[in-house]
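Participant:
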Amino acid sequence: MLVGAVTVLVGFLSRCSDRKADPADPRGSAFAEAASCARCHKSIYDAYATTAHAHSSAVASAGTVKGRFSAPDNIFHFAGRADVVMEQQGEELFQVLKSDGKEQGRFPFDVVFGSGRKAQTFLYWKGGQYFQLPVSWFVPADNWANSPGFPADHPKFDRLIPSTCFGCHSSMVKVREETKGITVTEQFARREMIGGIDCQRCHGPAAEHVAFHTENPAEKAARFITRIDTLNRVQRLDMCALCHSGLKPMYKPAFAFKPGDALSDFVIPTVPFRKKPDQLDVHGNQLQLLAASQCFLQSQTMNCSTCHNPHVTERTSMQTFSQRCMTCHQPGSPQFCKHTGKPKGVLQQNCIDCHMPALPSGAITLLTNGEQSPTPDSVRTHLIDVYADVVKKLP
Numbered sequence: 000m001l002v003g004a005v006t007v008l009v010g011f012l013s014r015c016s017d018r019k020a021d022p023a024d025p026r027g028s029a030f031a032e033a034a035s036c037a038r039c040h041k042s043i044y045d046a047y048a049t050t051a052h053a054h055s056s057a058v059a060s061a062g063t064v065k066g067r068f069s070a071p072d073n074i075f076h077f078a079g080r081a082d083v084v085m086e087q088q089g090e091e092l093f094q095v096l097k098s099d100g101k102e103q104g105r106f107p108f109d110v111v112f113g114s115g116r117k118a119q120t121f122l123y124w125k126g127g128q129y130f131q132l133p134v135s136w137f138v139p140a141d142n143w144a145n146s147p148g149f150p151a152d153h154p155k156f157d158r159l160i161p162s163t164c165f166g167c168h169s170s171m172v173k174v175r176e177e178t179k180g181i182t183v184t185e186q187f188a189r190r191e192m193i194g195g196i197d198c199q200r201c202h203g204p205a206a207e208h209v210a211f212h213t214e215n216p217a218e219k220a221a222r223f224i225t226r227i228d229t230l231n232r233v234q235r236l237d238m239c240a241l242c243h244s245g246l247k248p249m250y251k252p253a254f255a256f257k258p259g260d261a262l263s264d265f266v267i268p269t270v271p272f273r274k275k276p277d278q279l280d281v282h283g284n285q286l287q288l289l290a291a292s293q294c295f296l297q298s299q300t301m302n303c304s305t306c307h308n309p310h311v312t313e314r315t316s317m318q319t320f321s322q323r324c325m326t327c328h329q330p331g332s333p334q335f336c337k338h339t340g341k342p343k344g345v346l347q348q349n350c351i352d353c354h355m356p357a358l359p360s361g362a363i364t365l366l367t368n369g370e371q372s373p374t375p376d377s378v379r380t381h382l383i384d385v386y387a388d389v390v391k392k393l394p
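Just so you know, we're using numbering that gives the first Met the number 0 here: the sequence shown kicks off at 0 and counts up by one.
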């Protein structure tokens, strides 16, 4: 989620800052310089740089913000008399509030959240705090849209964004707590962040690992780094669940989480309100939906990486995912698809659209320009099941 006339983001691991980047990682001495991973893992590094995780946030610039800034496609009309106009001045981007054609306020694009695969939303900085801008970019509609949860009749510029949002959308944000009496507020440095989810968010701090293998290039066994394949099932699930199991109050910031940590040490328990799987929204509840699936319940080992290779972009390849289904659902076995209207060879090519269809989210809806009712974001459900209505629509 990032932008500029000259791309500010240098790869996905670069430090996002208005100042010249220091050579050391801003997270501290335990972390390796960002590009050092490419010295030994270049093919993985380059492939990961194209993924949505790698581009989940960025400093805003003309190169990172999707959306049009030329009339008439740069104006979002609200139901009242207010408009928000997207404008570019040099390398700066703004959402300009106008009422009856007169400018009432000018708010900069400072940070982008979202890779742009489906949508992007934007933050502006003021007085040491970040606020969400009222207009987002909705890729399916190829248009500007009212930001999720915002009022439809007027633009809202006062939605405060806490560091917990950065915890799942970035790899670091510079923030400090300021206490006045019993009130604690977060104070952010403007645009000082590491955009995207980088290698060390999932693999842990790597300075010692890089130093050892630089001095010992013949040593091929990974040292001083957590090997994901050594983690047990719960530990692997907890890594992904940190950001893929919905919003929860936390004891400690997500940035402090390291591979192998227990999610329960970070998330504050809440009073359980049990919903049936089909009542869970498809947005943000991937772990809960997967955990309710028979595929998961009947397996002792299934976890997120059973189906997902996080280092590459695979989201459009239903055949790739379907081949992973064949690990347990081989043709000729009792576990193979029971649909009789198609040859086995055809069924093997796409299990996903039938058993994990893209469903509308009730939590994330966007009102596009000129429309009276919001459009839900469609998210592929992680509840692996038989969807009879989907099967009926098969050609």
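Glycine is no exception: its CB is placed at the ideal position from the N, C-alpha and C atoms.
Given a cut-off of 7 Å on the beta-carbon distance, is the pair Ser114 and Ala51 in contact?
Facilitator: As a working mapping, residue 114 is identified with position 115 in the sequence shown. As a working mapping, residue 51 is identified with position 52 in the sequence shown. Closer than 7 Å, so yes.
Participant: Can you tell me where the alpha helix (DSSP H) with Arg67 in it begins and where it stops?
Facilitator: Numbered from its first residue, the sequence shown carries residue 67 at position 68. That residue, Arg67, is in no alpha helix (DSSP H); it is neither H nor E in DSSP.
Participant: Put Tyr250 into one of helix, strand or coil per three-state DSSP.
Facilitator: Walking along the sequence shown from the start, residue 250 turns up at place 251. The answer is coil: DSSP assigns Tyr250 none of H, G, I, E or B.
Participant: Classify His52 as helix, strand or coil using the three-state DSSP reduction.
Facilitator: Residue mapping note: residue 52 aligns to position 53 of the sequence shown, counting from 1. Three-state DSSP puts His52 in a helix.
Participant: Assign Ala362 to one of three DSSP states: helix, strand, or coil.
Facilitator: Taking the first residue of the sequence shown as 1, we reach residue 362 at position 363. Ala362: strand per DSSP, three-state reduction.
Participant: Would you kindly check if the distance between the Cβ of Gln94 and the Cβ of Val134 is under 7 Å?
Facilitator: Working through the sequence shown from its first residue, we reach residue 134 at position 135. Working through the sequence shown from its first residue, we reach residue 94 at position 95. Yes.
Participant: By DSSP, does Gly115 sit in helix, in strand, or in coil?
Facilitator: Against the sequence shown, residue 115 aligns to sequence position 116. Gly115: coil per DSSP, three-state reduction.
Participant: With DSSP run on the structure shown, which of helix, strand or coil describes Gly331?
Facilitator: As a first step, residue 331 must be located in the sequence shown, where it is residue number 332. DSSP places Gly331 in coil when its eight states are reduced to three.
Participant: Please classify Leu393: does DSSP put it in a helix, a strand, or coil?
Facilitator: Residue numbering aside, residue 393 sits at position 394 when the sequence shown is read from its first letter. In this structure, Leu393 counts as coil in the three-state DSSP scheme.
Participant: Could you tell me which residues DSSP pairs with His76 in its beta bridges?
Facilitator: In the sequence shown, counting from the first residue as 1, residue 76 sits at position 77. In DSSP, His76 forms a bridge with Asp82.
Participant: State the DSSP-derived secondary structure class of Ser146, mapped to helix, strand or coil.
Facilitator: Reading the sequence shown from its first residue, position 147 is the one you call residue 146. If DSSP states are grouped into helix, strand and coil, Ser146 belongs with coil.
Participant: Can you tell me whether DSSP reads Phe130 as helix, strand or coil?
Facilitator: On the sequence shown, residue 130 is found 131 positions in, with the first residue counted as 1. Note: Phe130 maps to strand in three-state DSSP.
Participant: Taking Ile74 as the reference, give the member of Gly62, Ser98 and Asp109 with the closest Cα.
Facilitator: For the purposes of this step, residue 74 is taken as the residue at position 75 of the sequence shown. Closest by alpha carbon: Ser98.
Participant: Just mark Pro22 as buried or exposed, buried being the case when its beta carbon has 16 or more other beta carbons within 10 Å.
Facilitator: As a first step, residue 22 is located in the sequence shown; it is residue number 23 there, counting from the start. Residue placement at Pro22 cannot be trusted, given a pLDDT of 48 that sits under 50; the coordinates are not used to answer.
Participant: Output yes or no for whether 7 Å exceeds the beta carbon distance between Gln348 and Gln318.
Facilitator: Mapped onto the sequence shown, residue 348 falls at position 349. Mapped onto the sequence shown, residue 318 falls at position 319. Yes, the pair counts as a contact, with Cβ atoms nearer than the cut-off.
Participant: According to DSSP, which residues form a beta bridge with Lys179?
Facilitator: Here residue 179 is taken as the residue at index 180 of the sequence shown, counted from 1. Paired residue(s): Thr182.
Participant: For Leu288 and His354, I'd like the C-alpha separation in whole angstroms.
Facilitator: Here residue 288 refers to the residue found at position 289 of the sequence shown. Here residue 354 refers to the residue found at position 355 of the sequence shown. So the two alpha carbons sit approximately 13 Å from each other.
Participant: Can you list, in chain order, the residues of its chain whose CB lies under 8 Å from that of Asp352, leaving out five sequence neighbours each side?
Facilitator: For the purposes of this step, residue 352 is identified with residue 353 of the sequence shown, where counting begins at 1. Once the five neighbours on either side are set aside, the close Cβ partners of Asp352 are Met317 and Val389.
Participant: Which residue comes first and which comes last in the beta strand (DSSP E) that contains Phe106?
Facilitator: Along the sequence shown, one-based indexing puts residue 106 at 107. Start and end: Lys101 to Pro107.
Participant: Do you know offhand how far Pro399's Cα is from Thr182's?
Facilitator: Residue numbering for the chain in the displayed model covers 0 to 394; residue 399 lies beyond these limits and cannot be assessed.
Participant: Taking the alpha helix (DSSP H) that Thr163 belongs to, which residues open and close that run?
Facilitator: As a first step, residue 163 must be located in the sequence shown, where it is residue number 164. Unbroken alpha helix (DSSP H) run through Thr163: Ser162 to His168.
Participant: Just the Cα atoms here: how many angstroms apart are Pro359 and Gly62?
Facilitator: Along the sequence shown, read from residue 1 onward, the residue named residue 359 stands at position 360. Along the sequence shown, read from residue 1 onward, the residue named residue 62 stands at position 63. Pro359 and Gly62: Cα-Cα distance of roughly 30 Å.
Participant: Pro309 by DSSP, collapsed to three states: which one?
Facilitator: Within the sequence shown, the letter at position 310 stands for residue 309. Three-state result, Pro309: coil.
Participant: Which residues in the same chain as Tyr47 place their Cβ atom closer than 8 Å to its Cβ, once the five residues preceding and following it in sequence are excluded?
Facilitator: Indexing the sequence shown from 1 puts residue 47 at position 48. So the list reads Phe11, Ala53, Cys198, Pro309, His310 and Val311, once near-sequence residues are dropped.
Participant: Helix, strand or coil: how does DSSP classify Asp45 here?
Facilitator: For the purposes of this step, residue 45 is identified with residue 46 of the sequence shown, where counting begins at 1. Asp45 falls in the helix class under three-state DSSP.
Participant: In terms of residues, what are the limits of the beta strand (DSSP E) holding Ser98?
Facilitator: To locate residue 98, count along the sequence shown from 1; it is residue 99. Start and end: Glu91 to Ser98.
Participant: Can you find at least 3 beta carbon pairs, one from the segment 136-149 and one from the segment 161-175, that sit closer than 8 Å?
Facilitator: At 8 Å Cβ cutoff, the stretches do not touch.
Participant: May I ask you to verify whether the segment 221-230 touches the segment 255-264, counting CB pairs closer than 8 Å and requiring at least 3?
Facilitator: In short, these stretches touch, since the Cβ pair count reaches three.
Participant: For Phe121, would you say it is in contact with chain B, using Cβ-to-Cβ distances shorter than 7 Å as the test?
Facilitator: Annotation note: the requested chain B is absent from the structure, which comprises a single protein chain.
Participant: Would a C-beta distance cut-off of 7 Å place Met85 and Phe68 closer than the cut-off?
Facilitator: For this step, residue 85 is matched to residue 86 along the sequence shown. For this step, residue 68 is matched to residue 69 along the sequence shown. A contact, by the Cβ cut-off of 7 Å.
Participant: Give the secondary structure of Met192 by DSSP, where H, G and I count as helix, E and B as strand, and everything else as coil.
Facilitator: The sequence position of residue 192 within the sequence shown is 193, counting from 1. In the structure shown, Met192 sits in a strand (DSSP, three-state: E or B).
Participant: Nearest to Ser263 by alpha carbon, out of Pro276, Pro248, Lys274 and Lys275?
Facilitator: In the sequence shown, the residue the question calls residue 263 occupies position 264. Ranking the options by Cα distance to Ser263, first place goes to Pro248.
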